[in-house]
Structures are given as structure tokens and as C-alpha cells.
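Chemist: Heads up: the protein sequence lines correspond to chains V and W, in order. The first sequence runs contiguously to residue 134 in numbering that gives the first Met the number 0. The second sequence runs contiguously to residue 134 in numbering that gives the first Met the number 0. Every residue, glycine too, gets a C-beta built ideally from N, C-alpha and C.
2 protein chains.
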Amino acid sequence: MNVQEALNLLKQKGYKYTEKREHMIGYFVKENRYRTAKDLQENMEPNYTGISFDTIYRNLHLFDQLGILESTELNGEKHFRLKCDHHHHHHFICKSCGVTKEIHHCPMEQISQELNQFMIEDHKFEIYGFCPSCQ
Amino acid sequence: MNVQEALNLLKQKGYKYTEKREHMIGYFVKENRYRTAKDLQENMEPNYTGISFDTIYRNLHLFDQLGILESTELNGEKHFRLKCDHHHHHHFICKSCGVTKEIHHCPMEQISQELNQFMIEDHKFEIYGFCPSCQ
DNA sequence: AATTATATCGTAATCATTCCGTTTTGTAAA
DNA sequence: TTTACAAAACGGAATGATTACGATATAATT
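1. If we cut at 8 Å on Cβ distances, does Met118/V have a partner in chain W?
2. Here's the rule I'm using: 16 or more other beta-carbon atoms within 10 Å means buried, otherwise exposed. How should Phe52/W be labelled?
3. At 7 Å on the CB atoms, spell out the chain V contacts of Cys130/W, in chain order.
4. State the DSSP-derived secondary structure class of Ile126/V, mapped to helix, strand or coil.
5. Ignoring anything shorter than 4 residues, give me the alpha helix (DSSP H) runs that lie fully in the stretch 7-91 of chain V, in order along the chain.
6. Between Met107/V, Gln116/V and Cys133/V, which lies nearest to Thr99/V when the distance is taken from Cα to Cα?
7. Consider the C-beta atom of Thr48/W and the heavy atoms of the ligand FAD; say whether any pair is separated by less than 7 Å.
8. Output yes if chain V places a C-beta closer than 8 Å to the C-beta of His104/W; else output no.
9. Any contact between the stretch 81-93 of chain V and the stretch 74-86 of chain W? By contact I mean 3 or more CB pairs, one from each, below 8 Å.
10. Could you give the DSSP three-state label for Met118/W: helix, strand or coil?
11. Taking all protein chains shown into account, decide if Gly97/W is buried (16 or more other Cβ within 10 angstroms of its Cβ) or exposed.
12. Could you name the residues of the stretch 12-43 of chain V whose beta carbon sits closer than 9 Å to any beta carbon of chain W, in the order they occur along the chain?
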């Protein structure tokens, strides 16, 4: 997923193109790690003085819902990152800087038969710690 | 972990016995699923009119830290449950009622060598959905 | 250019959680 | 059993992330 693909997806779903949305997506493409609403707001502020948190959150949730971003909870705050669009995988996540490393092993393959009468909707497998540069 | 064991642990660590703490632990023993601070407060209120959220949260975090409870984030709210004290395992969690089912497979065994230069501190593997009675 | 629906602004409201000064209570020593 | 003291709880205010909302601005369409 790059900026152009994301903007096309927005257009195709009937959402409008705005500079702010382009900037937001560009931010996540450039960062390529988990970031908070506040991080994004601070990045936007110099170029878009007074940008509202309403705008930030509304678009974060829109992007999340459209599959442009994915989100997780880290240190009690919601974090977002660009959604990786190749095959299903999980993440190691640095608790300090939000950087991720892909984990190419999904535990779901081994457990399907254990949960016969349960309706499975989602799963999360994340490893937390510190990346080499944050240690 | 039952009420008596938890109270002994408190005493042994130098924390005081109080009726409220006994009631709180009793609540989690009885419920045996993920519940919020609010759930606990509503359960306590009839017996302990005006109980403060300060008391609720202070004790929840104390119990969490002592290993009497474990916690996870669910629908944007922190949830707590009595900590299972037998061997390490993960959970299926019902998004509606917080009931859990143990998953006896830990994905960490298969991935240690992938993360050589990363400092691993913790991991989470949870499956979300609906239990038979909530479907 | 006019129209219209969507996006954004600015600010207030909400909700979970934490903080803090004061009062109460459990525990251990006298 | 009192007394003393540290810990716990109270009550209510503060915080911080997130959401809501009426008014205004803007993108896309006619």
C-alpha cells in the first residue's frame, strides 16, 4: 500500500481527496511503524496550523476501516501503522519507538479444532520488547 | 488461585487485609472471566455504598502486579480476570461477556531464533469472538 | 459559476483513569 | 485494650485520550 493506492481506494469508495488525507497517508508510509493520533497531529501541525483532533481521529478510523491502516493498543494508547498488504503475518513491536518486525508464523493453524462451538472473529499475536536501537 | 491464597499473598507481602479486598477477589473468583473496573464497582456498590474508584483501581493494579489478576484490553477498556495459576497458556475471549477458554498452544516456541537482536519482554496471543451462549 | 455533499474547524462533552488532601481503619506494640 | 502509625479509603477534582456537534469551508459534480 502506497500513497497513490490509498488515494485511489478513497476515491473509489466515494470519499473526497484532500491535502490533509494525502499528508496523513504520506506520514504513515514514511514512518512505517506504529504511531499515535498525537504523533500524527504533531507532524501535521506545522503545515496545517490548528488541525482538529476531530479530523485526525475521523480519518484514522476511516483509514483503519478501509484497510489502509491497522491498529493496536500499546502502553494504553491506540497506535496505527500502514497496513502491510502482502500475506497475513504478525509483528514484534518495539515498546519504545513502535517499530515492527514481521513474524511469519501464525498460531491459528494449530488450534482450529479446539474451538468447535466458538465463533472466531479475530486473533492477535504480538511480541513486545525493544528493537536494537532502543535497547 | 482462590480467595484464601490471594489474601495470604497480600499478608505475606505486607499489605493489609480489608473486607473490600476480600470482596474484590471473591468477585473475580466467582466471575472467572474478564471484567472491567466499572463491572467491579457496580458489584461492590450495593454492599459498600460510595466506594471510590480510587480504591477500585488501586487494588486492581495491586492485584495485577502481585499476580492475583491478569489484564487485557478489550473494546478499548481494560479488563481483568483471576490469573490462572497452572502452566502458561493463552485465551479465547468472548467479546460480549468476557468468558475465556484456554488455548494450550504457545506460538513463542517456534519463533525465538527469528528475533536475535531484539529484546523480547512479553507476548500476547488472544483469539476473539463469541462463546456459545453469546452467539 | 452554482449546488451539494463531505470535510474540517473550534470547542465542548464524555469516559476511563489518576491524583490528592483528608479521614478512617488495620495492625502491631505498649 | 488502648495507643500509635502506616496503609487504605473517601470524595471530588484533574487529566488525557477520544468523540460529538453546530458552524464554516472545500471538493466534486452539474
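Modeler: The relevant details are as follows:
1. yes
2. exposed
3. Phe117
4. DSSP, reduced to helix, strand and coil, places Ile126/V within a strand of the structure shown.
5. 18-30, 36-43 and 52-65
6. Cys133/V
7. The model depicted lacks the ligand FAD and carries no ligand whatsoever.
8. Output row for His104/W: interface = yes.
9. The stretch 81-93 of chain V makes no contact with the stretch 74-86 of chain W, as fewer than three CB pairs between them are under 8 Å.
10. strand
11. buried
12. Residues are counted here when their Cβ sits less than 9 Å from a Cβ of chain W; for the stretch 12-43 of chain V the count is zero.
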